[in-house]
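There are 2 protein chains.
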Amino acid sequence: MSEAYAARRDRLRERCTASGSATALISRPANVRYLAGVAPHGAVLLLGKTEDLLVYGGPPESPLDEGRPDEALRVHTLPSPGGDPAVAAADLAAAQGADSLAVEEHHLTVTRHRAIGSVAPRLRLGDLGAAVEQLRVIKDEEEISCLRIGSEIADQALSELLESILVGRTERHLALELERRLVDHGADGPAFTTSVGTGPNSGRRGHRPSDRRVEEGDFLSVCLGATYRGYRCEIGRTFVIGTSPADWQIELYDLVFASQRAGREALVPGAAYRDVDRAARQVLDSAGYADGLPPLTGHGVGLEIDEDPQLAPAAMGKLDACVPVTVEPGVHIPGRGGVRIDDTLVVRPEADGGPELLTITTKELLAL
Amino acid sequence: MSEAYAARRDRLRERCTASGSATALISRPANVRYLAGVAPHGAVLLLGKTEDLLVYGGPPESPLDEGRPDEALRVHTLPSPGGDPAVAAADLAAAQGADSLAVEEHHLTVTRHRAIGSVAPRLRLGDLGAAVEQLRVIKDEEEISCLRIGSEIADQALSELLESILVGRTERHLALELERRLVDHGADGPAFTTSVGTGPNSGRRGHRPSDRRVEEGDFLSVCLGATYRGYRCEIGRTFVIGTSPADWQIELYDLVFASQRAGREALVPGAAYRDVDRAARQVLDSAGYADGLPPLTGHGVGLEIDEDPQLAPAAMGKLDACVPVTVEPGVHIPGRGGVRIDDTLVVRPEADGGPELLTITTKELLAL
Numbered sequence: 001m002s003e004a005y006a007a008r009r010d011r012l013r014e015r016c017t018a019s020g021s022a023t024a025l026i027s028r029p030a031n032v033r034y035l036a037g038v039a040p041h042g043a044v045l046l047l048g049k050t051e052d053l054l055v056y057g058g059p060p061e062s063p064l065d066e067g068r069p070d071e072a073l074r075v076h077t078l079p080s081p082g083g084d085p086a087v088a089a090a091d092l093a094a095a096q097g098a099d100s101l102a103v104e105e106h107h108l109t110v111t112r113h114r115a116i117g118s119v120a121p122r123l124r125l126g127d128l129g130a131a132v133e134q135l136r137v138i139k140d141e142e143e144i145s146c147l148r149i150g151s152e153i154a155d156q157a158l159s160e161l162l163e164s165i166l167v168g169r170t171e172r173h174l175a176l177e178l179e180r181r182l183v184d185h186g187a188d189g190p191a192f193t194t195s196v197g198t199g200p201n202s203g204r205r206g207h208r209p210s211d212r213r214v215e216e217g218d219f220l221s222v223c224l225g226a227t228y229r230g231y232r233c234e235i236g237r238t239f240v241i242g243t244s245p246a247d248w249q250i251e252l253y254d255l256v257f258a259s260q261r262a263g264r265e266a267l268v269p270g271a272a273y274r275d276v277d278r279a280a281r282q283v284l285d286s287a288g289y290a291d292g293l294p295p296l297t298g299h300g301v302g303l304e305i306d307e308d309p310q311l312a313p314a315a316m317g318k319l320d321a322c323v324p325v326t327v328e329p330g331v332h333i334p335g336r337g338g339v340r341i342d343d344t345l346v347v348r349p350e351a352d353g354g355p356e357l358l359t360i361t362t363k364e365l366l367a368l
Numbered sequence: 001m002s003e004a005y006a007a008r009r010d011r012l013r014e015r016c017t018a019s020g021s022a023t024a025l026i027s028r029p030a031n032v033r034y035l036a037g038v039a040p041h042g043a044v045l046l047l048g049k050t051e052d053l054l055v056y057g058g059p060p061e062s063p064l065d066e067g068r069p070d071e072a073l074r075v076h077t078l079p080s081p082g083g084d085p086a087v088a089a090a091d092l093a094a095a096q097g098a099d100s101l102a103v104e105e106h107h108l109t110v111t112r113h114r115a116i117g118s119v120a121p122r123l124r125l126g127d128l129g130a131a132v133e134q135l136r137v138i139k140d141e142e143e144i145s146c147l148r149i150g151s152e153i154a155d156q157a158l159s160e161l162l163e164s165i166l167v168g169r170t171e172r173h174l175a176l177e178l179e180r181r182l183v184d185h186g187a188d189g190p191a192f193t194t195s196v197g198t199g200p201n202s203g204r205r206g207h208r209p210s211d212r213r214v215e216e217g218d219f220l221s222v223c224l225g226a227t228y229r230g231y232r233c234e235i236g237r238t239f240v241i242g243t244s245p246a247d248w249q250i251e252l253y254d255l256v257f258a259s260q261r262a263g264r265e266a267l268v269p270g271a272a273y274r275d276v277d278r279a280a281r282q283v284l285d286s287a288g289y290a291d292g293l294p295p296l297t298g299h300g301v302g303l304e305i306d307e308d309p310q311l312a313p314a315a316m317g318k319l320d321a322c323v324p325v326t327v328e329p330g331v332h333i334p335g336r337g338g339v340r341i342d343d344t345l346v347v348r349p350e351a352d353g354g355p356e357l358l359t360i361t362t363k364e365l366l367a368l
């Protein structure tokens with residue numbers, strides 16, 4: 001695996017050289033982890049002229065919790081703990097004889113950028129832009145395998161919850177129990193704050209669990225994910241509590257299900273991001289739910305839970321094979337509740353069987 | 001309470017006017033929450049020339065979860081969800097006729113700062129610096145009351161854990177159980193990732209819970225905190241597992257206890273930050289543990305878990321009354337383990353009885 005990191009750095013170096021700056025400073029934590037395999041708190045990566053350096057401070061007793069970086073990467077710890085690793089790395093770049101340095105302007109604050117400029121005044125600072133984020137979009141099979149295991153863990157946690165008594169328990173408790181089960185089954189932790197919505201809160205994207213208790217007749221919507229070896233997946237399901245769902249619940253569920261299926265079926269290599277979004281969105285639109293729809297119906301996942309691409313009306317670009325994305329349309333009716341259905345899938349060519357569904361929990365409307 | 005937010009904004013406005021910029025853009029989430037009472041995801045606060053505005057995007061269905069801001073603050077939601085509230089706020093500042101705008105350069109990225117500059121080219125951009133963070137250092141009694149309740153919750157969660165069987169359980173499970181108990185007792189959530197260290201991991205600051213199981217004879221160190229109405233406290237304790245601690249464990253515990261007591265006793269209004277640090281540090285230094293000590297022995301707490309002041313050797317400044325801080329020295333012996341003891345206290349004048357201890361769990365060495 002360690003050669004994979006060196007190979008990723010080589011790909012980035014090619015891009016940098018092509019755009020005129022041989023050296024680069026990577027500061028965004030997920031980008032550091034992608035290129036170095038580890039990302040201790042505050043660490044930055046210098047793609048140097050003579051060698052690559054992982055630079056970080058931190059207390060001496062908390063070394064690289066997550067393992068060792070590959071052999072081609074030298075580790076440089078700051079002599080004094082209070083310093084900024086980015087500033088130290090710029091200093092090291094200048095010492096290596098670099099004359100320019102591309103930095104992540106979308107991550108560095110104005111204050112840090114200025115400090116880098118003053119410690120290495122002869123270094124011409126450029127913008128690396130989202131070069132590393134772009135490299136991260138297409139995953140290798142090792143990365144997909146982490147997402148697959150994470151999805152199995154999330155499926156498992158969810159299925160166990162469904163076997164327990166739900167009526168009377170609060171959203172907050174259900175969310176905590178799901179998170180405990182994720183860890184029980186081997187996750188590093190939850191991929192994001194688990195969302196549980198009941199009754200009028202159901203179907204709200206990113207709803208923060210409250211003290212509302214599950215009641216008979218409620219919609220219950222749950223969105224959770226596991227982090228496994230740094231990779232974050234996502235699954236969302238909506239259930240109905242009680243013996244039989246009401247007519248409006250069945251209708252709304254069927255609608256969102258049709259929308260989500262349309263989105264999933266649009267996942268083919270070469271499809272425009274916005275067309276995938278449109279496939280899911282127009283099902284809801286044409287049923288009269290144009291207002292109040294979320295700004296996107298899906299997004300990339302990986303080392304972060306919300307990565308490129310965005311499946312949204314104004315998104316530019318086309319899907320490639322081996323890009324994992326969510327498809328997660330939903331409808332929320334204020335005061336009443338709603339439905340969200342959310343899967344993580346990997347885009348695959350039709351010849352390989354089409355999109356690979358990672359989150360396999362049933363999408364039938366279960367009455368619990 | 002809502003007048004408190006308007007009063008805070010007035011204090012900030014006075015500072016801004018004194019330093020030449022009548023309008024300011026606050027983007028750091030804890031600072032927005034401090035001044036507005038709420039901080040929806042991505043929200044920024046414009047301290048305007050004619051009126052104050054809370055500006056945010058976000059999907060239409062997730063409004064202000066945490067309540068409504070005070071009446072003197074107008075809420076402005078972005079028409080399209082993808083926009084940057086900071087850029088929109090700068091535009092609104094220009095529309096109000098402002099000619100300068102102080103921004104938080106230590107929080108805004110280079111990219112966002114540039115976007116603000118291009119949407120409002122006639123606006124002279126200045127640096128607000130850490131003005132809001134400085135206002136936040138001294139707490140009012142309402143803020144201290146939130147910290148006090150949070151500390152009671154953390155004490156409660158810890159005392160319940162101690163009544164259960166510990167041997168054989170993993171660090172990860174103990175940490176999760178503590179977090180569940182925090183929420184059970186009314187916390188918004190944990191104040192930071194709960195740290196549980198056993199055996200060789202004990203005493204490590206910020207240790208991430210692993211799958212190591214508690215064994216007879218281990219040191220067990222635990223660090224947790226509750227968030228209550230946004231305010232974050234911290235408590236850390238070290239226990240020994242089994243019938244009776246070994247001599248080296250008793251010695252090490254007594255040493256860290258003496259260091260922590262010295263730090264607590266140094267908490268008086270007017271004491272230099274570095275002198276409080278030195279009081280705790282020199283006890284460990286003189287016992288031969290100068291190397292490997294953490295860079296600080298305490299820090300402020302409030303809306304963030306790690307606020308000003310820093311109690312560290314090079315820190316500048318003096319304690320005031322009503323400043324809540326942690327005192328948390330520790331020693332970790334590689335391969336063997338260690339001890340940390342961590343309290344949250346509020347600096348109070350001697351006439352009021354000296355420092356107010358918020359985390360009241362016993363600091364005797366318990367054998368569990």
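First to last, the protein sequences are chains S and G. When we follow full-length UniProt numbering, the leftmost residue of the first sequence carries the number 1, and every step to the right adds one. When we follow full-length UniProt numbering, the leftmost residue of the second sequence carries the number 1, and every step to the right adds one. Cβ atoms here follow ideal geometry from the backbone N, Cα and C, with glycine treated the same way.
| Asked | Found |
| --- | --- |
| Outcome for Glu71(S) when other beta-carbon atoms lying within 10 angstroms are tallied against a minimum of 16 | exposed |
| Short Cβ contact (8 Å threshold) for Leu224(S) with Thr344(S) | no |
| Coarse secondary structure for Cys223(G), derived from DSSP in three states | strand |
| Beta carbon proximity, Glu105(S) to chain G, threshold 8 Å | yes |
| At least 3 beta-carbon pairs within less than 8 Å: the region 275 to 287 of chain G vs the region 248 to 262 of chain G | yes |
| Backbone secondary structure at Val103(G) - three-state DSSP | strand |
| Residues within the region 168 to 193 of chain G neighbouring chain S, beta-carbon criterion of under 7 Å | Arg172, Leu176, Arg180 and Val183 |
| Proximity to Arg264(S) [Cα-Cα], best of His299(S), Ile241(S) and Asp91(S) | His299(S) |
| Member of Gly129(S), Pro85(S), Gln310(S) and Leu176(S) whose CA lies at the smallest distance from the CA of His106(S) | Gly129(S) |
| Per-residue contacts from Pro200(S) into chain G (C-beta, under 9 Å) | Under the 9 Å cutoff, chain G gives no residues; its nearest Cβ is about 11 Å from Pro200(S). |
| C-alpha gap between Leu319(G) and Ser259(G), whole angstroms | 19 Å |
| Pair within 8 Å by beta-carbon distance, Arg212(S) and Glu179(S) | no |
| Distance between Pro40(G) and Pro63(G) (C-alpha atoms, nearest Å) | Only weak support is given to the placement of Pro63(G): the predicted model assigns it a pLDDT of 47, under 50, and the value that follows is read from those uncertain coordinates. Roughly 8 Å separates the two Cα atoms. |
| Below-8 Å beta-carbon distance, Ala226(G) vs any chain S residue | no |
| Cβ neighbours of Arg181(G) in the same chain (closer than 6 Å, five flanking residues each side left out) | Ala157 and Glu160 |
| The beta strand (DSSP E) enclosing Pro324(S), as first and last residue numbers | Pro324 to Val327 |
| Span separating the alpha-carbon of Gly302(S) from that of Lys139(S) | 8 Å |
| Same chain only: Cβ atoms within 6 Å of Val283(S), ignoring 5 sequence neighbours per side | Ala258, Ser259 and Ala262 |
| Alpha carbon of Ala120(S) to alpha carbon of Ala266(S), nearest angstrom | 49 Å |
| First and last residue of the uninterrupted beta strand (DSSP E) at Asp127(G) | Arg124 to Asp127 |
| Any C-beta of chain S under 8 Å from that of Ala314(G) | yes |
| Inside the region 196 to 273 of chain S only - beta strand (DSSP E) runs reaching at least 3 residues | 219 to 224, 226 to 228 and 235 to 240 |
| Ile165(G) burial status per 10 Å Cβ neighbour count (16 or more: buried) | exposed |
| Segment contact flag, the region 188 to 196 of chain S with the region 20 to 27 of chain G, C-beta cutoff 8 Å, min 3 pairs | no |
| C-alpha gap between Gly57(G) and Arg112(G), whole angstroms | 15 Å |
| Inter-residue spacing [alpha-carbon to alpha-carbon] between Glu61(G) and Pro334(S) | Reliability fails at Glu61(G), whose pLDDT of 41 lies under 50, so the model's placement of it is uncertain and no value is given. |
| Simplified DSSP state of His173(G), which is helix, strand or coil | helix |
| Closest by C-alpha distance to Glu328(G), when choosing among Glu364(G), His185(G), Asp10(G) and Ala280(G) | Ala280(G) |
| Neighbour-count burial assignment, Arg74(G), 16 or more Cβ in a 10 Å radius | exposed |
| Residue burial classification, Thr310(S) (beta-carbon count within 10 angstroms, cutoff 16) | It is worth fixing the name first, because residue 310(S) is Gln in this sequence and not Thr. That one is buried. |
| Among Ala94(S), Gln134(S) and Ala102(S), nearest to Asp127(S) - alpha-carbon criterion | Ala102(S) |
| Through-space distance from Thr243(S) to Arg237(S), alpha-carbon basis | 18 Å |
| 8 Å contact criterion, which Gly82(G) and Pro295(S) should meet: CB distance rounded | 6 Å |
| His299(G) - partner residues in DSSP beta bridges | Gln310(G) |
| Closest Cα partner of Leu125(G) within the set Glu152(G), Val87(G) and Gly150(G) | Val87(G) |
| Residue range of the beta strand (DSSP E) that includes Ala24(G) | Ala24 to Ile26 |
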